[in-house]
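Peer 1: Residue numbers (my numbering), protein chains in the order written: chain Y, 1 to 112; chain U, 113 to 226. All C-beta atoms in this analysis are idealised placements derived from N, C-alpha and C, irrespective of residue type, glycine included. Predicted model, so just to flag it, every value in this text is computed and none were measured. Pasting in a structure now, in structure tokens, and then I'll have a few things to ask.
Quick look at the structure:
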């Protein structure tokens with residue numbers, strides 16, 4: 001019973017490098033989300049998707065891109081990492097917009 | 113526009129005393145409201161949710177919250193704190209609209225002393 005799985009769990013990047021975070025859910029949820037968590041800021045929405053092939057910007061989308069080619073996967077990309085993107089990233093999914101969201105365990109990203 | 117404000121960034125209580133974590137929301141529409149808990153270095157777990165049924169909502173681990181539309185509040189309470197309740201708590205709002213996402217408050221850190 002996997003739920004929401006994020007890979008990798010930890011990563012250190014150099015400034016300017018690129019990477020992709022993968023989120024996979026096995027609950028057939030329509031909605032998927034990427035958040036970043038910083039001390040004192042709560043979770044801020046980066047991008048989200050309301051279904052396969054669709055994406056939308058959240059509160060803090062700059063410097064990130066996403067894709068949802070398959071319903072079960074939601075990818076978050078950093079094209080040119082910056083130290084300001086050092087954060088803990090959480091993926092979540094829900095069946096409907098107002099439904100309970102299930103979260104992954106998080107990815108701790110450090111950009112040096 | 114919708115938003116959620118957690119009125120206290122840090123709350124400290126003694127074990128066995130009541131817990132009150134305050135949350136106010138603003139929304140043009142009838143919202144769904146949630147409380148999530150995050151223990152250190154862990155993911156987020158749902159405590160309880162309000163979706164326009166009973167205004168007093170009971171959650172896990174003895175927590176409950178009351179939706180007060182007139183005060184636009186959704187405060188989280190527990191009669192008697194336990195050491196294991198020490199964590200960060202997030203109030204979350206969602207609209208009854210397709211194409212929207214969950215909006216988080218900035219969180220309240222609950223400390224419990226013996």
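1. Does residue 218 of chain U have its Cβ less than 7 Å from a Cβ in chain Y?
2. Check the Cβ of residue 161 of chain U against every Cβ in chain Y and list those closer than 7 Å, keeping chain order.
3. To which residues does DSSP link residue 150 of chain U through a beta bridge?
4. Once DSSP output is grouped into helix, strand and coil, what is the label at residue 17 of chain Y?
5. Whose C-beta lies closer than 7 Å to the C-beta of residue 65 of chain Y among residues of the same chain, with five residues either side of it excluded?
6. Enumerate in chain order the residues of its own chain whose CB-to-CB distance from residue 145 of chain U is below 6 Å, with the five nearest sequence positions on each side excluded.
7. Evaluate the contact criterion for the region 126 to 143 of chain U versus the region 192 to 200 of chain U: three or more CB pairs, one atom per stretch, below 8 Å.
8. Rounded to whole angstroms, what's the CA-CA distance from residue 55 of chain Y to residue 226 of chain U? Just pull it up for me.
9. Select from the region 139 to 159 of chain U all residues with a C-beta closer than 7 Å to any C-beta belonging to chain Y, and list them in chain order.
10. Could you tell me which chain U residues have their CB closer than 7 Å to the CB of residue 85 of chain Y, listed as they occur along the chain?
11. To the nearest angstrom, report how far apart residue 53 of chain Y and residue 28 of chain Y are at their CA atoms.
12. How close, in whole Å, do the beta carbons of residue 156 of chain U and residue 74 of chain Y come, if the pair is a contact with beta carbons under 8 Å?
13. Identify whether residue 77 of chain Y lies in helix, strand or coil by the three-state DSSP scheme.
14. On a CA-only basis, which of Y:104, Y:68, Y:111 is nearest residue 154 of chain U? Give me that one, please.
15. Between which residues of its own chain and residue 40 of chain Y is the CB-CB distance below 6 Å, once the five residues before and five after are set aside?
16. So residue 174 of chain U and residue 147 of chain U are supposed to be a Cβ contact under 8 Å. How far apart are they, rounded?
17. How about residue 217 of chain U and residue 116 of chain U: do their beta carbons lie closer than 7 Å?
18. Taking all protein chains shown into account, decide if residue 48 of chain Y is buried (16 or more other Cβ within 10 angstroms of its Cβ) or exposed.
19. Suppose only complete runs of 3+ residues qualify. What are the beta strand (DSSP E) ranges in the region 18 to 77 of chain Y, listed by chain order?
20. Report the rounded CA-to-CA distance for residue 179 of chain U versus residue 221 of chain U, giving the unit in angstroms.
Peer 2: Looking at the coordinates:
1. yes
2. 100
3. U:156, U:200
4. coil
5. 77, 79
6. 162, 186, 205
7. yes
8. 47 Å
9. 144, 155, 156, 158
10. Correct list: empty, because the minimum Cβ distance to chain U is about 19 Å.
11. 15 Å
12. Residue 156 of chain U to residue 74 of chain Y, Cβ: 17 Å. No contact.
13. strand
14. Y:104
15. none
16. No, residue 174 of chain U and residue 147 of chain U are not in contact; Cβ-Cβ is about 13 Å, not under 8 Å.
17. yes
18. buried
19. 19 to 25, 31 to 38, 42 to 49, 64 to 67
20. 21 Å
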